[in-house]
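Below: one structure, written as structure tokens.
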Amino acid sequence: MSFSTKIRRKVKIRKVKMSFETIMKQVIPYTEITVSRLIFALILLVMGFILSKYIIHVFRRGLQKTRIPDLTVQFLTHFLSILLYVIIILIFLKSLNFDVDSYVLGVSAAIGIVLGLGLQDTFTNLTAGVCVAAIRPIDMGETVTVNGQTGKVRSVGIMSTELLTLDNQLITVPNKLVWGSSIVNMTRMPTRRVSVDIGISYSSSLEKATGIAFNLMKTHPLVLKEPEPAVVTTELANSSINLQLRAWAKTEEMGTVKNDLVTGIFDAYTKEGIEIPFPQMDINIKEIKPKEGRKYTTEQDMKVQEEKIVLEEGLNVEGLY
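Sequential numbering from 1 applies to the sequence shown in UniProt numbering.
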């Protein structure tokens, strides 16, 4: 390559640099972004993101080796990732000769104004998320009822909590509602009581019905021996004596135990002749008799005459037939 060719190439490169710097000054005034500075900033940005991924991975692995719950690990990892990304972006802007200090002060002032103008909920959700992750009223995989919504805890983020319902619907609940409402945790305790309600007729033997129900629970392999199962009379209703079967089981076996007790008590009562009553209503239909002197020859004629009687006496036609 000749000397003149090298000179021309350097001139072209310098023109490109000058054109780029001119464009950048027009797009972002009051800045001095050169090509070399931009390349250096991009290298820092890429290296920063790679390094942050490694730091987050090491941080997560370190927490997982401790006794810290998965929910807290997830929350802290998410929080650290956001913090690292903000730092990387600030370093990137600083390398481009931006006045980062002024931007930070400006952003802080803007955040204060935004919070004062009505976005306090964002800060409230963030604070509530920290409280939920630290105190752990709920944990990953637990089935809970929060703010009237029931489901399995899928994740607790910085701003919201996700629940997965039994029919596979995803519910997102803001953290301020999670922290500010009563929480029913259905799976945290190792054992729970199973209750089955059933009614027997007044003509059936209460002692016999109670004995059958108690024996059913006593012989069930998944019903715990302690606390001991029980059968209690809960109500003397209009048409039935209401009983309640109470048995204790492991939390994960509750559904199986309840299903077995419901079907088992029905089969046992049916086999032993214990009547299970159901609501019923007696309806009496009053017959309209013809007046004296009126004779009906056929069924059709009788129907016509009955309609005339109804009209004459002002009766309600609906429900006659």
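Heads up, the beta-carbon is just placed ideally off N, CA and C, and yes, glycines get one too. Predicted model, so just to flag it, every value in this text is computed and none were measured.
TODO: Just tell me which of G157, L224, I171, V184 has its CA closest to the CA of P137.
DONE: V184
Task: Boundaries (first-last residue) of the alpha helix (DSSP H) holding T270 - done: 254 to 272
- [ ] For L206, I'd like the list of residues in its chain whose CB is within less than 8 Å of its CB, leaving aside the five on either flank, ordered along the chain.
- [x] I200, T233, I241
- [ ] Only counting runs of 3 or more residues, tell me where the beta strand (DSSP E) segments fall wholly within the segment 151 to 237, in order along the chain.
- [x] 160 to 164, 170 to 174, 183 to 185, 191 to 200, 230 to 236
- [ ] Using three-state DSSP, classify T145 as helix, strand or coil.
- [x] strand
- [ ] Buried or exposed for residue 322, please, with buried defined as at least 16 other CB atoms from any protein chain shown within 10 angstroms of its CB.
- [x] This structure cannot speak to residue 322, because the chain is shown only from 1 to 321.
Open item on the list: Suppose the cutoff is 8 Å on Cβ atoms and the five residues either side in sequence are ignored; what does the same chain contact list for I265 look like?
Closed with: V196, I198, I212, A213, L216, L245
Open item on the list: Whether or not the segment 87 to 99 and the segment 45 to 52 are in contact is what I'm after, with contact meaning three or more pairs of Cβ atoms, one per stretch, closer than 8 Å; do they touch?
Closed with: yes
Task: V73 vs L80 beta-carbon contact at 8 Å - done: no
TODO: With a 10 Å radius around its C-beta and 16 neighbouring C-beta atoms as the bar for buried, classify K176 as buried or exposed.
DONE: buried
Open item on the list: In the DSSP assignment, the beta strand (DSSP E) including N242 goes from what residue to what residue?
Closed with: 241 to 250
- [ ] Since I believe A247 is in contact with P229 (beta carbons under 8 Å), could you give me their beta-carbon distance rounded to a whole number of angstroms?
- [x] 4 Å
- [ ] Could you check which residue in D121, I274, M186, A268 has the C-alpha nearest to that of T143?
- [x] M186
- [ ] Given a cut-off of 8 Å, decide if I274 and K208 are closer than it, judged by their beta-carbon atoms.
- [x] yes
Task: Distance, I158 Cα to N97 Cα - done: 32 Å
Task: Reference M140; option with closest CA among R37, E162, V58 - done: E162
TODO: Pull up the CB-CB distance for V146 and V178, whole angstroms please, since I reckon it's below 8 Å.
DONE: 5 Å
Task: Proximity of V132 and V156 at Cβ, strictly below 8 Å - done: yes
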